[in-house]
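First comes the structure, then the notes that go with it.
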Amino acid sequence: MLLFNLVYGVLAVISWSAFFYKLRDLARDPGNRELRLLCLAIATFATPFVIASPWMYVRIDRALGVTNIATLFIYTSVAICLTSFLALLVSWSSAKDRIRLWHRILVTYAVITVASMVTLFWLGDVSDGERVIDFDVHYADTPFIREFLLIYTVLFVVGMVGLAFMCWRYAKAVDRPWLRRGLRTVAVGAVFGLGYSVPKATSLIWDMLGTSPLDFVNIHVAPMFASVAAWLFAAGFTMPAWGVGLHNARERLREYRAYRRLHPLWKALTHALPEVVLLPHIHPDNPRRALREDDLPFMVSRLVFEIRDAQLALWPYTNPAVAQSARELCKTRQVPAKKVEALVEATQIKAALRAMEAGDDSHHAEAVPHDPADGDMDAERDWLIRVADAFRRRWLTRVADAFQGRSDLTEDAIARAQAGNSQDSGALRG
Numbered sequence: 475m476l477l478f479n480l481v482y483g484v485l486a487v488i489s490w491s492a493f494f495y496k497l498r499d500l501a502r503d504p505g506n507r508e509l510r511l512l513c514l515a516i517a518t519f520a521t522p523f524v525i526a527s528p529w530m531y532v533r534i535d536r537a538l539g540v541t542n543i544a545t546l547f548i549y550t551s552v553a554i555c556l557t558s559f560l561a562l563l564v565s566w567s568s569a570k571d572r573i574r575l576w577h578r579i580l581v582t583y584a585v586i587t588v589a590s591m592v593t594l595f596w597l598g599d600v601s602d603g604e605r606v607i608d609f610d611v612h613y614a615d616t617p618f619i620r621e622f623l624l625i626y627t628v629l630f631v632v633g634m635v636g637l638a639f640m641c642w643r644y645a646k647a648v649d650r651p652w653l654r655r656g657l658r659t660v661a662v663g664a665v666f667g668l669g670y671s672v673p674k675a676t677s678l679i680w681d682m683l684g685t686s687p688l689d690f691v692n693i694h695v696a697p698m699f700a701s702v703a704a705w706l707f708a709a710g711f712t713m714p715a716w717g718v719g720l721h722n723a724r725e726r727l728r729e730y731r732a733y734r735r736l737h738p739l740w741k742a743l744t745h746a747l748p749e750v751v752l753l754p755h756i757h758p759d760n761p762r763r764a765l766r767e768d769d770l771p772f773m774v775s776r777l778v779f780e781i782r783d784a785q786l787a788l789w790p791y792t793n794p795a796v797a798q799s800a801r802e803l804c805k806t807r808q809v810p811a812k813k814v815e816a817l818v819e820a821t822q823i824k825a826a827l828r829a830m831e832a833g834d835d836s837h838h839a840e841a842v843p844h845d846p847a848d849g850d851m852d853a854e855r856d857w858l859i860r861v862a863d864a865f866r867r868r869w870l871t872r873v874a875d876a877f878q879g880r881s882d883l884t885e886d887a888i889a890r891a892q893a894g895n896s897q898d899s900g901a902l903r904g
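Residue numbers (our numbering): 475 to 904.
Dropping the structure here:
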């Protein structure tokens, strides 16, 4: 019983959280029919997990004085949930002139089904004890309850087929990634739901004609399919809500890491060229505090623009021989090809800063800074992050210092400049 309380409790928390999240949207737009259907579907999906918890199940029975009445609440709630979600999918995927007709068909089927289930439940006898776990198996041969279970199971099968087909088809048409993933997850959950409901429906019909050989499947296998389906439904129904939040959190963390990695290069350049900084007040003294800022993406974009502006301002101090010698050194050291250009550009920046500090603008490089992004802002940011990572290499300082005041430099001289710190021997490869 403890396991059921725990599993149903977790599913209830996840589902009700999604309900209240969407209820906030419904409060802003109460006339939205799709939002009303979605909230109803999620609420009636979450309710059975609360009621089916053994701890709650027995207390509902005792509070109302009717044995196993909680089962009726669970099954009618599931029926309403399936109908609501199918109606929502119809609203999303059908032509406007057919939506009302399909809604009427679904509502009529649901009302007839629920009314029949309620009537049969009261006509049957389920008073011989609370059956929290094995209600279906225990009362499979009980008059009226057998029909009650068959009607519910047929509804469940029809609902699973409809969910699997419509969710998978509609997922191909939507352009919101997390909604598409959620719909496909629900479709897979519906397939597992069929693994629960089809054996039960088959067994109930078989018992009407004789003795079903599927009792073992119904008792041991079908519940496992139902559990997997429940988890997939909980994940799929709520994925558009928590998935977007997860994506936003991941993007914010990505921006924060970009800011932290770009900041040392930006700081070195803007210390020498403070005039390129447009809004100095937006940057915190400690880059670690950037995560608290609301305008973090804008702050990252400012770093990118200002680094590029500073590079252009430094270009008269850039020595073409630095790039040539840095490439030769990278080749000798067998630096991976994907790291070479970033290391070369970082070396040029470091040497240009030294030249600017010394007032040496005699080199006048003809080419503009390396730009593999071709106007793509994300690619530009990623490229400058690689340059900024390379810029922090300690050996660059010694190489840049070795070039100061020189128009060219041999690889041996650069190697001797590097030799000042033996623990950096693998820096180029790193």
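Idealized CB from N, CA, C, for every residue including glycine.
Query	Result
For asparagine 542, the nearest candidate out of Gly598, Leu477, Ala515, Glu749 (CA to CA)	Gly598
Straight-line Cα distance separating histidine 577 from valine 481	33 Å
Of the listed residues Leu477, Ser686, Ser491, nearest to alanine 708 (C-alpha basis)	Ser491
Expected contact under 8 Å - CB spacing of methionine 459 and serine 671 to nearest Å	A query on residue 459 cannot be resolved here, the shown segment of the chain reaching from 475 to 904 and no further.
Beta-carbon proximity of glycine 656 to glycine 717, cut-off 8 Å	yes
Beta strand (DSSP E) segments (min. 3 residues) lying fully within the stretch 703–750	none
Three-state secondary structure assigned by DSSP to asparagine 479	helix
Contiguous alpha helix (DSSP H) assignments of at least 4 residues, all confined to the stretch 481–559	507–526, 528–538
Sequence-distant residues of its chain with Cβ nearer than 7 Å to alanine 526 (five each side left out)	Tyr482, Ile548
Short CB-CB distance (under 8 Å) between serine 686 and chain D	This model lacks chain D altogether; it includes just one protein chain.
Classification of proline 617 by the beta-carbon crowding that lies within 10 angstroms, buried from 16 upward	exposed
Own chain partners of phenylalanine 493 with C-beta closer than 8 Å, once the 5 adjacent residues on each side are dropped	Cys513, Ile516, Ala517, Ala520
Contact belief for alanine 614 with arginine 620 at Cβ below 8 Å, rounded distance in angstroms	6 Å
Cβ neighbours of serine 677 in the same chain (closer than 8 Å, five flanking residues each side left out)	Ala614, Ser686, Leu688, Asp689, Val691, Asn692
Sequence ranges, beta strand (DSSP E) only - wholly within the stretch 638–700, length at least 3	none
Validate contact between the stretch 810–823 and the stretch 851–863 using beta carbons, cut 8 Å, 3 pairs	yes
Straight-line gap, tyrosine 733 to aspartate 608 (C-alpha atoms, nearest Å)	57 Å
Counted within 10 angstroms of its Cβ, other Cβ atoms place glutamate 780 as buried (16 or more) or exposed	buried
Boundaries (first-last residue) of the alpha helix (DSSP H) holding glutamine 785	770–788
Extent of the continuous alpha helix (DSSP H) run through alanine 592	Residue 592 is actually valine in this sequence, not alanine. Element bounds for valine 592: 570–597.
Among His737, Asp768, Arg763, Ile823, nearest to arginine 855 - alpha-carbon criterion	His737
Per-residue burial, proline 846 [other beta carbons within 10 Å of its own, 16 or more giving buried]	exposed
Pick from Ala864, Arg801, Leu556, Val662 that is closest to valine 581, judged by C-alpha positions	Leu556
Aspartate 615, enclosing alpha helix (DSSP H) - first and last residue	Per DSSP, aspartate 615 belongs to no alpha helix (DSSP H) and is neither H nor E.
Unbroken alpha helix (DSSP H) run spanning serine 601, endpoints	Neither: serine 601 is in no alpha helix (DSSP H) and is coded neither H nor E.
Buried versus exposed, by CB contacts within 10 Å (16 or more), valine 796	buried
Reduced DSSP secondary structure (H/G/I, E/B, other) of arginine 867	coil
Cβ-Cβ distance between alanine 787 and valine 750 below 8 Å	yes
Contact between the stretch 529–543 and the stretch 551–567 (3+ Cβ pairs under 8 Å)	no
Straight-line Cα distance separating arginine 868 from alanine 700	59 Å
Whole-angstrom C-beta distance between leucine 706 and valine 648, which should lie under 8 Å	Wrong, their Cβ atoms sit about 18 Å apart, outside the cutoff.
Pair within 8 Å by beta-carbon distance, alanine 784 and leucine 753	no
Cβ-Cβ distance between leucine 624 and alanine 589 below 8 Å	no
Proximity winner among Phe478, Pro504, Trp680, relative to proline 528 (alpha-carbon distances)	Phe478
Residue nearest to valine 778 in terms of C-alpha spacing, selected from Ala853, Gln798, Thr593, Tyr644	Ala853
Burial state of glutamate 725, where buried means 16 or more other Cβ atoms lie within 10 Å	exposed
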